[in-house]
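Throughout the sequence shown, residue numbering follows the working numbering, covering 2 to 364 in sequence.
Every residue, glycine too, gets a C-beta built ideally from N, C-alpha and C.
Everything numeric in this text was worked out from a predicted model, so none of it was measured.
Accompanying notes for the structure given below.
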Amino acid sequence: MALRNQVFIWIGLLLALILTLWIFRGILLPFVVGAALAYLLNPLVNQLQKWRFSRVWATVVVLLSVLTIVISLFFMFVPLIGQQIVGLIQRLPRYVGDLQELAVTWSPEINEWLGPERAAQLQTSLNDLARQALGFIATLPAELVNIGLTGAAVVGFAVLAPVVAFYLLLDWEGMVRGIDELLPKEHKGEVKGILREIDKSMAGVIRGQGSVLLLDAAFYATALSLIGLNYGLAVGLIAGLLSFIPFVGFAVGLGLSVGIALVQYAPNWWMIALVAGVYFFWQFIEGNILYPKLVGSSININPVWMMFALLGLGAIFGFVGLLLAVPMAAIASVLVRYGVRKYKESTLYLGPKRRASRDDAIP
2 MALRNQVFIW IGLLLALILT LWIFRGILLP FVVGAALAYL LNPLVNQLQK
52 WRFSRVWATV VVLLSVLTIV ISLFFMFVPL IGQQIVGLIQ RLPRYVGDLQ
102 ELAVTWSPEI NEWLGPERAA QLQTSLNDLA RQALGFIATL PAELVNIGLT
152 GAAVVGFAVL APVVAFYLLL DWEGMVRGID ELLPKEHKGE VKGILREIDK
202 SMAGVIRGQG SVLLLDAAFY ATALSLIGLN YGLAVGLIAG LLSFIPFVGF
252 AVGLGLSVGI ALVQYAPNWW MIALVAGVYF FWQFIEGNIL YPKLVGSSIN
302 INPVWMMFAL LGLGAIFGFV GLLLAVPMAA IASVLVRYGV RKYKESTLYL
352 GPKRRASRDD AIP
């Protein structure tokens, strides 16, 4: 088959996949989460199989163990976390108003430090922030409905996602064999090499980066609560869970925490500095220890492209797009690197003469 026909076929399959995802985007959430859960738990099921468990019993044991842990944590922490998040949302406009009052109180010092023009800009920014906070609170219920977070949808998701994960885990080996049989015979070795690289990148995204995200949330929530910051548990969890978007979790968490600390502790600047120091300290730990150890070099994606993928897929597919963005970006990066390697081996890059001499030099 000519290279041009192969390219057209693969582009057609990609467009068909995107169209299918877009058509069914409203019901994809439990299936996406179930597939991610199955991918995460498959190594544990394989390990139990090595210990002479059948595939069915290994799947049942692993899935029931995980569900027991999740449900226990839900009943232990969700009431407290939910209470703090609701309280933070209700209190957020008042915090913005308190910050405006502080700015007015400190206006002589701010004018002296920044100058009249920049001080006026700061006041305008605080006013805009107040309007945006009030607008966010007003539109939050509608946004939750838009992404499917209604009571019935949450119950359906909680039931359907584990069922999807169970059946995927049960037939995982059969699915792998089925995909292997569909690979083109002539290029089977090369395609399997690409799939292994994609699997490594996906493992870095889902397992490695997921571990970093959970550690971020646990540290921020614990540290801010120990300091005594109002709504520190909720703010820490928000910062940690948003850390899958490069720099966004850090920026949102730092902004919220310092804003609350200004209202709560001012003029005790040491406590405000301590709250900010929590974020800068953990950024150092994450960047130099956690990320290299847990993720390593498996994700070779520029943060700008990561943010583009999140915004682009989020705009097209909504909340499901946000969940799919990082894995899709990891897959795309593998395919782009493969395409660059093939381009550098082609006559389009080397030229006919250099390509011929290079082929002659290969024994």
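{"Item": "With burial defined as no fewer than 16 other Cβ atoms inside 10 Å of the residue's Cβ, what is the status of A153: buried or exposed?", "Value": "Bear in mind that the predicted position of A153 carries a pLDDT of just 49, short of 50, making it unreliable; the figure below should be weighed with that in mind. The residue in question, A153, is exposed, as its Cβ has fewer than 16 Cβ neighbours within 10 Å."}
{"Item": "When the distance is taken between beta carbons, is I228 closer than 9 Å to V279?", "Value": "yes"}
{"Item": "Distance, Cα to Cα, K345 vs L351?", "Value": "7 Å"}
{"Item": "Considering only the beta carbon of each residue, do L255 and A277 sit closer than 9 Å?", "Value": "yes"}
{"Item": "Could you check what DSSP says for G262 in three-state terms: helix, strand or coil?", "Value": "The question names Gly, but residue 262 in the sequence shown is Ala. DSSP places A262 in helix when its eight states are reduced to three."}
{"Item": "In the DSSP assignment, the alpha helix (DSSP H) including W271 goes from what residue to what residue?", "Value": "270–286"}
{"Item": "Nearest to W306 by alpha carbon, out of G288, L295, Y292, A326?", "Value": "A326"}
{"Item": "With 16 as the cutoff for other CB atoms within 10 Å, does A274 come out buried or exposed?", "Value": "exposed"}
{"Item": "Would you mind stating whether A35 and L161 have Cβ atoms separated by less than 9 Å?", "Value": "Before going on, a small fix: residue 35 reads as Gly here, not Ala. Yes, the Cβ-Cβ distance between G35 and L161 is below 9 Å."}
{"Item": "Based on Cα-Cα distance, which residue from F76, E187, G13, L216 lies nearest to L295?", "Value": "L216"}
{"Item": "From which residue to which residue does the alpha helix (DSSP H) around N43 run?", "Value": "30–51"}
{"Item": "If you run the structure through DSSP and keep just helix, strand and coil, what is P1?", "Value": "The first residue shown for the chain is 2 and the last is 364, placing residue 1 beyond what the model contains."}
{"Item": "Between the segment 335–349 and the segment 40–47, do at least 3 Cβ pairs fall closer than 8 Å?", "Value": "no"}
{"Item": "Using the beta-carbon count (16 or more within 10 Å), is L349 buried or exposed?", "Value": "exposed"}
{"Item": "How is the alpha helix (DSSP H) around G237 delimited, first residue to last?", "Value": "233–242"}
{"Item": "What did DSSP end up calling L81 once you bin it into helix, strand or coil?", "Value": "helix"}
{"Item": "Starting from the Cα of Y168, find the closest Cα among N231, W58, L20 and give me that residue.", "Value": "W58"}
{"Item": "Does the separation of the CB atoms of V321 and L18 fall below 9 Å?", "Value": "no"}
{"Item": "Cβ atoms of L263 and I239: under 9 Å apart, would you say?", "Value": "no"}
{"Item": "Assuming I86 and A252 form a contact by the criterion Cβ under 8 Å, report the distance between their Cβ atoms to the nearest whole angstrom.", "Value": "Rounded, the Cβ-Cβ distance is 19 Å, inconsistent with contact."}
{"Item": "Please work out which residues of its chain come closer than 6 Å, Cβ to Cβ, to W283, disregarding the five sequence neighbours upstream and downstream, and give them in chain order.", "Value": "F220"}
{"Item": "Using the beta-carbon count (16 or more within 10 Å), is L60 buried or exposed?", "Value": "Contrary to the premise, residue 60 reads as Thr rather than Leu in this sequence. Flag for T60 reads buried."}
{"Item": "Spatial neighbours of V192 within its chain, please: C-beta separation below 8 Å, excluding the five flanking residues on both sides.", "Value": "L184, P185"}
{"Item": "What do you reckon, are the CB atoms on G237 and A224 nearer than 9 Å?", "Value": "yes"}
{"Item": "Can you tell me whether DSSP reads F25 as helix, strand or coil?", "Value": "coil"}
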